[in-house]
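So the sequence shown is residues 1 to 329, counted in the UniProt record's numbering. Accompanying notes for the structure given below.
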Amino acid sequence: MVPVNYEHARLTMQSLGRLHAVSLALKRDRPEEFKQLKVPDPMELMMPEGSPFEAMMKQMLADAVETLEPHETKERAKMQKLIANMRHEMIACTNSALAEPHAVLGHEQPELFEQYRYMCNVTGEVVLAMEGFEEVIQQAFDNASATLNLEDVGKREKLARFRESFAEELQSISDPALSEPFCVVCHGDYAGDNMMFSYNGGFPNRMILLDWQLAKYGSPALDFVHTLFLSTDESFRRNHYDNMLQTYHNALMSHLERLGDDSATEWFPLTVLMRLIKLHARQALLLGMLHIPLTIASEETTIAKVDKTTEEREDVDSVQISDTYDAKN
């Protein structure tokens, strides 16, 4: 994935500040409604059995069946099966534990994919207890250590200490109580590949956020750390980290003020945000160790498929040109 530039990063931080401000305002003004957003499976609330929403979804599927041609019997059978199991399928779609991300990698490099199958949710007791997860983490630490130079003694010692306590670190990352009363509804995967931009004069002026299935209730620092360390490179962070921190906080404060909170700068100053980020900063290291190998593998797989397709196309083109020449003579 190509790192975002300054203009895109600035817009993502402004958007993130506004997104989190809405959470904080809703938690303040409508606490009972906000509680509904804390549940682990929002689909259970949206679609209780026999609800109007469920009936609407089934009707939409029935309408889709009616568009099929008479000879499309296989497609019709699949749609009927989907209608019969619609509720189960919809709830399963919201369950990140059942998700199978990076399908291309899973098909092309199943052994590598299996190692990283659990990376979509690297927090919580359930994940820590998953078979093979600890081995994946230990391998990630080995890979990270191998990238260090011999003179990086300090970094190697820090990584070793983190390795010894990673289970406790994951528990702290997933514990909203450590970040209250500042917790918000986090996107959960706030990175460049889940964003779409519109442009004016060649510069991004609007952003749409996609892929919400990992949304969760937690520290606002989680989204900030996620995007800054997975969507930018080291050079960008060295030059613009403070600016991005201020940009996010300014957007958070200004939007909270527009939503009726005139004292936001008093109860959520920049120093509090910095403390939350420090509390969750090690998440960036863990995300990097898990995501980077998978991203590189995905890119290599994609390049290999493109090269193969290009070669096949060239072979086809050469035959067509030859056939045309023979026909003319």
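The C-beta atom is built at its ideal place from N, Cα and C for all residues, glycine as well. Remember, it's a predicted structure, so these values are computed and weren't measured experimentally.
- prompt: Using the beta-carbon count (16 or more within 10 Å), is F268 buried or exposed?
  reply: Here residue 268 is taken as the residue at index 268 of the sequence shown, counted from 1. With at least 16 other beta carbons inside 10 angstroms of its own, F268 counts as buried.
- prompt: Thinking just about the alpha-carbon of each residue, which of N5, Q14 and G202 is nearest to the one in residue 330?
  reply: Any question about residue 330 goes unanswered here, given that the chain covers just 1 to 329.
- request: Could you spell out where the beta strand (DSSP E) holding R206 opens and where it closes?
  value: Here residue 206 refers to the residue found at position 206 of the sequence shown. Per DSSP, the unbroken beta strand (DSSP E) holding R206 starts and ends at F203 to L209.
message: Could you check whether the stretch 186 to 203 touches the stretch 1 to 11, counting it as contact only if at least three pairs of C-beta atoms, one from each stretch, sit closer than 8 angstroms?
response: The stretch 186 to 203 makes contact with the stretch 1 to 11, as at least three CB pairs between them are under 8 angstroms.
query: Across which residues does DSSP place S231 in a beta bridge pair?
result: Locating residue 231 in the sequence shown gives position 231, counting from the first residue. Bridge pairing for S231: absent [DSSP].
- prompt: Would you report the Cα separation of L222 and A140, rounded to the nearest angstrom?
  reply: Looking up residue 222 in the sequence shown gives position 222. Looking up residue 140 in the sequence shown gives position 140. Rounded to the nearest whole angstrom, the C-alpha separation of L222 and A140 is 20 angstroms.
query: Are the beta-carbon atoms of L61 and I83 separated by less than 8 angstroms?
result: Residue 61 sits at position 61 when you count from the first residue of the sequence shown. Residue 83 sits at position 83 when you count from the first residue of the sequence shown. With respect to I83, L61 sits close: the two C-beta atoms are nearer than 8 angstroms.
message: For a test of the three-state rule: what should DSSP assign to Y6, helix, strand or coil?
response: As a working note, residue 6 is residue 6 in the sequence shown. Residue state, collapsed to three classes: helix.
message: Our contact map puts R237 next to L228 with C-beta atoms below 8 angstroms; I'd like the distance itself, whole angstroms only.
response: Here residue 237 refers to the residue found at position 237 of the sequence shown. Here residue 228 refers to the residue found at position 228 of the sequence shown. At roughly 7 angstroms, the Cβ-Cβ gap stays under 8 angstroms, so R237 and L228 are in contact.
- prompt: In terms of alpha-carbon separation, which member of E151, R282 and P176 lies closest to H226?
  reply: The residue labelled residue 226 in the question sits at position 226 within the sequence shown. For the residues E151, R282 and P176, the minimum Cα distance to H226 belongs to R282.
task: Quick one: using the 10 Å Cβ neighbour count with 16 as the cut-off for buried, is H20 buried or exposed?
output: For the purposes of this step, residue 20 is taken as the residue at position 20 of the sequence shown. When all chains shown are included, H20 counts as buried.
task: Would you tell me roughly how many angstroms separate the C-alpha atoms of residue 404 and L209, rounded to the nearest one?
output: This structure cannot settle anything about residue 404, because the visible part of the chain is limited to 1 through 329.
message: Taking 8 angstroms as the cut-off, does the stretch 202 to 221 touch the stretch 179 to 188 (at least 3 CB pairs, one atom from each stretch)?
response: Enough Cβ pairs lie closer than 8 angstroms, so yes.
query: What does M244 pair with, by DSSP beta-bridge criteria?
result: Here residue 244 corresponds to residue number 244 of the sequence shown, with the count starting at 1. Secondary-structure assignment with DSSP links M244 through no beta bridge to anything.
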